[in-house]
Amino acid sequence: MVDDMVRTWVAGWAVSRGTPPPAERPWGYYIEVADDPAEVGRHVLPEASRAAVRAAAEAVTVPRTWMKMPAEPDEVEPWITPGWEVARSETGYLMAVDLTATGATAPAGYTAHVERAGDVVRVRVRHAAGGPAAAGQLALLGEDAVVDRIRTQEAHRRRGLGAFVMRALADRAVELGAVRGVLGATPAGRALYRELGWRQHATLAECVYRG
Numbered sequence: 021m022v023d024d025m026v027r028t029w030v031a032g033w034a035v036s037r038g039t040p041p042p043a044e045r046p047w048g049y050y051i052e053v054a055d056d057p058a059e060v061g062r063h064v065l066p067e068a069s070r071a072a073v074r075a076a077a078e079a080v081t082v083p084r085t086w087m088k089m090p091a092e093p094d095e096v097e098p099w100i101t102p103g104w105e106v107a108r109s110e111t112g113y114l115m116a117v118d119l120t121a122t123g124a125t126a127p128a129g130y131t132a133h134v135e136r137a138g139d140v141v142r143v144r145v146r147h148a149a150g151g152p153a154a155a156g157q158l159a160l161l162g163e164d165a166v167v168d169r170i171r172t173q174e175a176h177r178r179r180g181l182g183a184f185v186m187r188a189l190a191d192r193a194v195e196l197g198a199v200r201g202v203l204g205a206t207p208a209g210r211a212l213y214r215e216l217g218w219r220q221h222a223t224l225a226e227c228v229y230r231g
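Adding 20 to a residue's 1-based position in the sequence shown gives its number in the numbering used here.
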């Protein structure tokens with residue numbers, strides 16, 4: 021179940037970010053990353069084992085390449101090769117939910133715009149003066165929707181905008197036939213998603229190659 025969820029997450033992330041489809045590798049997948057100065061690409065392993073982690077790690081020669089897998093950081097650390105380090109502060113969480121429509125409405129003082137471009141749905145929230153307050157998007161993969169880039173501007177946090185964006189995305193995904201939501205949560209976002217009914221299925225250990 022977790023390995024299938026990881027594959028869905030990887031495929032949806034690539035669609036959401038507009039990158040080439042994940043390239044298959046013996047240990048999993050490789051995705052190019054074009055919009056992050058701290059990351060040139062990432063290897064994602066659907067299943068974590070010493071052999072798979074070693075094989076992926078030994079194949080990397082370019083600094084700022086990342087590796088992500090469903091495992092605890094302490095479990096992975098003995099398996100990585102020289103030049104790699106476990107990025108404990110970047111530990112993520114693989115989460116999923118059965119999608120339901122909620123009829124979400126924007127909090128008072130804010131307006132929202134929902135748009136679809138191909139298989140990507142975006143929600144943008146603006147404050148009364150017209151500036152950006154929050155945003156988020158998802159990629160549609162048949163009956164799955166992979167949520168990505170949920171962000172709230174600092175001045176507008178703790179006003180329910182993150183929850184609204186998530187509900188608005190779910191509403192649109194359900195309209196388009198999706199039944200399951202999948203995401204890779206940051207430590208900061210995990211609490212919000214739990215409050216909205218998302219369930220954690222695995223820890224996502226993250227490692228980076230410094231060279």
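Ideal Cβ placement from N, Cα and C applies to all residues, glycine included.
Check                                                                                                                   : Outcome
Pair within 8 Å by beta-carbon distance, A159 and V140                                                                  : yes
Cut-off 6 Å between Cβ atoms - residues of its own chain near R70, not counting five sequence neighbours on either side : W99
Where the alpha helix (DSSP H) containing T111 begins and where it ends                                                 : Note, T111: premise wrong, no alpha helix (DSSP H); not H, not E.
Assigned secondary structure, M89 (DSSP; H/G/I helix, E/B strand, else coil)                                            : strand
Unbroken alpha helix (DSSP H) run spanning L203, endpoints                                                              : No alpha helix (DSSP H) holds L203; the beta strand (DSSP E) holding it covers 200 to 205.
R200 and L119 closer than 8 Å at C-beta                                                                                 : yes
Start-to-end residues for the alpha helix (DSSP H) that takes in E78                                                    : 70 to 78
DSSP-derived helix/strand/coil call for R230                                                                            : coil
8 Å contact criterion, which R248 and V117 should meet: CB distance rounded                                             : Given a span of 21 to 231 for the chain in the structure shown, any question on residue 248 remains unanswerable.
For M115, the three-state DSSP class (helix, strand or coil)                                                            : strand
Residues near H147 in its chain [Cβ-Cβ closer than 8 Å; skip 5 each side]                                               : G129, Y130, A153, H176
C-alpha gap between L196 and P102, whole angstroms                                                                      : 46 Å
Contact under 8 Å by Cβ, V143 with W33                                                                                  : no
Nearest neighbour of S109, chosen from A205, P83, L181 [CA to CA]                                                       : A205
Nearest to A126 (by Cα), restricted to the options E67, R187, V64, E92                                                  : R187
6 Å CB neighbourhood of V76 in its chain, flanking five on each side removed                                            : Checking the sequence shown, residue 76 turns out to be Ala, not Val. So the list reads W47, H63, M87, once near-sequence residues are dropped.
Rounded C-alpha distance that separates P41 from I51                                                                    : 7 Å
Where L161 falls: helix, strand or coil (DSSP)                                                                          : strand
Residue range of the alpha helix (DSSP H) that includes E195                                                            : 181 to 195
Limits of the beta strand (DSSP E) - the one that A34 falls within                                                      : Note, A34: premise wrong, no beta strand (DSSP E); alpha helix (DSSP H) at 22 to 37.
Proximal residues to T28 (C-beta, below 6 Å), its chain only, five neighbours per side dropped                          : D164, V202
DSSP state of V96 mapped onto helix, strand, coil                                                                       : helix
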